[in-house]
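Novice: Dumping the structure here so I can ask a few things about it.
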Amino acid sequence: MKGGDLIVSFSVCALAVICAGLFGYFHDDLSFGMDSREKLLLHRALTRDWMSWEDSTTPIPISYAAKLTKSILAGEVENLPEKLAKTVSKDGYQTVHIKRAWDYIRSERLEQIKTMCTADEEKCKAYVNYADKRFGLTPLHLSYFNRDEKLSEFLIGLGADPSAMDMAGRKPLNMSFPSFVNNSRKWAKQRGSACEIPEVIADDTGEWTKEAKRLIREGEPVIIRGVVKDNVPTLEELVSKFGNTTVRVGSVPYADYFGLNIEHIKLSDFIARSVRGDDDGQLPMYVFAKDAKISSEFFELMATLVRKAFPVPDIFDDPSKIGPSALHFALGREGSGAPMHIHSDALNLVLAGKKRWFVLPPQDAIYSRKHISTWVKEDLPTADPKPLECVQNAGDAIYVPFDWAHGVINSGEFTFAFALELLSDRESLKAFKW
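Quick note on the working numbering: the sequence shown kicks off at 1475 and runs consecutively.
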């Protein structure tokens, strides 16, 4: 269903949302009635094209904006709405700002909601401050979450309350993290840290989990230092146990999707070649893959970390509901890594080596297929705004929220890590399905 095809009347719009299987779904509780559905008409209209459940590399959905951005990057005009496709080169791009996709989504959505509210302004005004009972999100919260300034102004004109608080204590404007980057750098300087994202130290008391949950509940990235201290496998143990596993190797994760070369080789051969630095003059290659045997070995470690540090089940599903299919493992020598990209909420754990992180909030997010070493050399010096940076050591875990752009470059001799994507009922709207 294209954005312009949405029927404008409230009654037919509600039916279209149900029948077309749009990406936003809401309910108040398990026994809501028609009154609640009516009150959430603005929420449903706002969350059209919110998520794409079919285009992720895991069972966890990506945002519709991420889906469009990936297609723009790869030059897949056939997978784009006609209006957007006309502006895209079939040759693709090296780097794309997610704003390009969001501008299309926002313009379509604004016209839909203006038309709806022209048809029945009384209902729009009556429900413009309605908050769902689980997360306390109003239409204005959702509009700011999408960084939609024009729609936010329109909703405020209808009477939306900019001071309304959601269940996490956030006003609508806070949903777009307007001051996060500057504040995060200021706080890092105050604590004398080179890491520019919030840090939590995992001590033996367990008190650290409260601070981690608070930050994650507010939707902020956070690094948890020293969360894994024991039973970390060595490179030799990894080769001994999983050396015969065939892995996909590329300059970036899922390189073939972006028209880049990939290679399938044994894990032991890749490690031996990487340790020797034998890349035939190419930039360092990277493994970012899923494997049932490796995932089953380490999944419970990751799931346990989530249960300790995340608001489960208040906001996040227990990882066991999805299982190991949401887990990737990553391997690579110094200089390899992943370019700037976006996806669902994820927890990233380094078991050996170290990673240098680059993080941008959603409004500044970019998606790139350029090798991370090249990006660091050519693009980072002139990047505006500059991404937040942080070095992750072995035993540290980093949480990256939904649609926050991030890239990593391995800075240890050899880095072994895991990334577990997580299903947030709040960000994915999964809990609102009806």
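A virtual CB, placed ideally from N, CA and C, is assigned to each residue, including glycine.
Only a predicted model underlies this, so the values are computations on that prediction, with no experimental measurement involved.
By a C-beta neighbour count over all protein chains shown, 10 Å radius and 16 as the cutoff for buried, is T1592 buried or exposed?
Specialist: Answer is exposed; the Cβ neighbour count stays below 16.
Novice: Closest to R1574 by CA distance: which of P1875, E1585, F1732, A1839 is it?
Specialist: The shortest Cα separation from R1574 among P1875, E1585, F1732, A1839 belongs to A1839.
Novice: If you scan the region 1515-1581 from start to end, which runs of the beta strand (DSSP E) of 3 or more residues do you find wholly inside it?
Specialist: As far as the region 1515-1581 is concerned, its whole beta strand (DSSP E) runs of at least 3 residues are 1569-1571.
Novice: Spatial neighbours of K1599 within its chain, please: C-beta separation below 6 Å, excluding the five flanking residues on both sides.
Specialist: Excluding positions up to five away in sequence, the list reads L1632, G1633.
Novice: Which residue marks the beginning of the beta strand (DSSP E) containing R1699, and which one marks its end?
Specialist: From DSSP, the beta strand (DSSP E) with R1699 extends over 1696-1699.
Novice: Classify I1572 as buried or exposed, calling it buried when 16 or more other Cβ atoms lie within 10 Å of its own Cβ.
Specialist: I1572 should be labelled buried.
Novice: Helix, strand or coil: how does DSSP classify S1725 here?
Specialist: Correct three-state label for S1725: coil.
Novice: Near F1790, which residues of its chain fall below 6 Å by C-beta distance, leaving aside the five closest residues on each side in sequence?
Specialist: Closer than 6 Å at Cβ, skipping near neighbours: F1784, L1896, S1898.
Novice: Look at the Cβ atom of W1524, then the Cβ atom of S1537, and state whether they are nearer than 8 Å.
Specialist: A contact, by the Cβ cut-off of 8 Å.
Novice: Does DSSP put T1679 in a helix, a strand or coil?
Specialist: Here T1679 sits in coil by DSSP.
Novice: Out of R1781, W1682, K1703, K1597, which one is the CA nearest neighbour of R1511?
Specialist: Here the closest residue by C-alpha is K1597.
Novice: Taking 7 Å as the limit between beta carbons, can you name the residues of its chain near G1495, skipping five residues before and five after?
Specialist: Caution applies to G1495, whose pLDDT of 34 falls short of 50 and renders its modelled position unreliable; the model cannot decide the point.
Novice: Around the Cβ of K1703, are there at least 16 other Cβ atoms within 10 angstroms (buried) or fewer (exposed)?
Specialist: Under this definition K1703 is an exposed residue.
Novice: Might you give, ordered along the chain, the residues of its own chain that have their beta carbon closer than 6 Å to the beta carbon of L1541, omitting 5 neighbours on each side?
Specialist: Position check: residue 1541 holds Lys in this sequence, whereas Leu was assumed. S1526, D1529, listed in sequence order.
Novice: Beta-carbon separation of T1532 and S1885 under 8 Å?
Specialist: No, Cβ-Cβ distance for T1532 and S1885 is not below 8 Å.
Novice: When every heavy atom of the ligand FMN is checked, does at least one fall within less than 7 Å of the C-beta of H1517?
Specialist: The model on display carries no ligand, and the ligand FMN is accordingly not part of it.
Novice: Pick helix, strand or coil for A1839, following the three-state DSSP scheme.
Specialist: Three-state DSSP puts A1839 in coil, outside helix and strand.
Novice: Which residues does DSSP pair with E1863 in a beta bridge?
Specialist: Partner(s): F1832.
Novice: In terms of alpha-carbon separation, which member of E1582, R1583, L1629 lies closest to E1595?
Specialist: Comparing Cα positions, the closest option is L1629.
Novice: Can you tell me which of the three DSSP states S1898 falls into?
Specialist: Strand, per DSSP.
Novice: Check E1887 in the structure and name its three-state DSSP category.
Specialist: Three-state result, E1887: coil.
Novice: Looking at the strands, I want to know which residues DSSP matches up with L1779.
Specialist: Paired residues: none, contrary to the question.
Novice: Using the Cα positions of V1655 and F1832, report the straight-line distance between them to the nearest angstrom.
Specialist: About 12 Å.
Novice: With DSSP collapsed to three states, give me the class of M1649.
Specialist: Helix, per DSSP.
Novice: Pull up the distance between the alpha-carbon of G1680 and that of A1871, whole angstroms please.
Specialist: Those two C-alpha atoms are separated by around 15 Å.
Novice: Between G1881 and P1813, which are expected to be in contact by the criterion C-beta below 8 Å, what is the C-beta distance as a whole number of angstroms?
Specialist: About 5 Å; that satisfies the 8 Å criterion.
Novice: Count the other CB atoms within 10 Å of the CB of E1670; is the residue buried (16 or more) or exposed (fewer)?
Specialist: Under this definition E1670 is a buried residue.
Novice: Kindly list the residues whose CB is nearer than 8 Å to the CB of R1665, restricted to its own chain and excluding five residues on each side of it in sequence; keep chain order.
Specialist: Excluding positions up to five away in sequence, the list reads E1673.
Novice: Exposed or buried, which one is H1738 when buried takes at least 16 other CB atoms within 10 Å?
Specialist: When all chains shown are included, H1738 counts as exposed.
Novice: Suppose contacts are defined by Cβ-Cβ distances below 8 Å. Is L1734 in contact with T1719 by that definition?
Specialist: No, they are not a contact pair.
Novice: Between which two residues does the alpha helix (DSSP H) containing A1746 stretch?
Specialist: Residues 1741-1750.
Novice: Report the start-end ranges of each beta strand (DSSP E) in the region 1760-1824 that is 3 residues or longer and not cut off at the edges.
Specialist: Counting only runs of 3 or more, we get 1760-1763, 1801-1807, 1811-1815.
Novice: Our contact map puts K1513 next to Y1601 with C-beta atoms below 8 Å; I'd like the distance itself, whole angstroms only.
Specialist: With a Cβ gap of about 5 Å, K1513 and Y1601 count as contacting.
Novice: Which one of G1693, D1677, Q1568 has the shortest CA to CA distance from K1645?
Specialist: Nearest of G1693, D1677, Q1568 to K1645, Cα basis: G1693.
Novice: Which residues in the same chain have their Cβ closer than 6 Å to the Cβ of H1815, if we skip the five residues on either side of it in sequence?
Specialist: Same-chain partners within the cutoff: Y1841.
Novice: Residues in its own chain within less than 7 Å of A1676 by CB, not counting five upstream and five downstream?
Specialist: Within the same chain, A1676 has close Cβ partners W1682, I1698, R1699, G1700, V1701.
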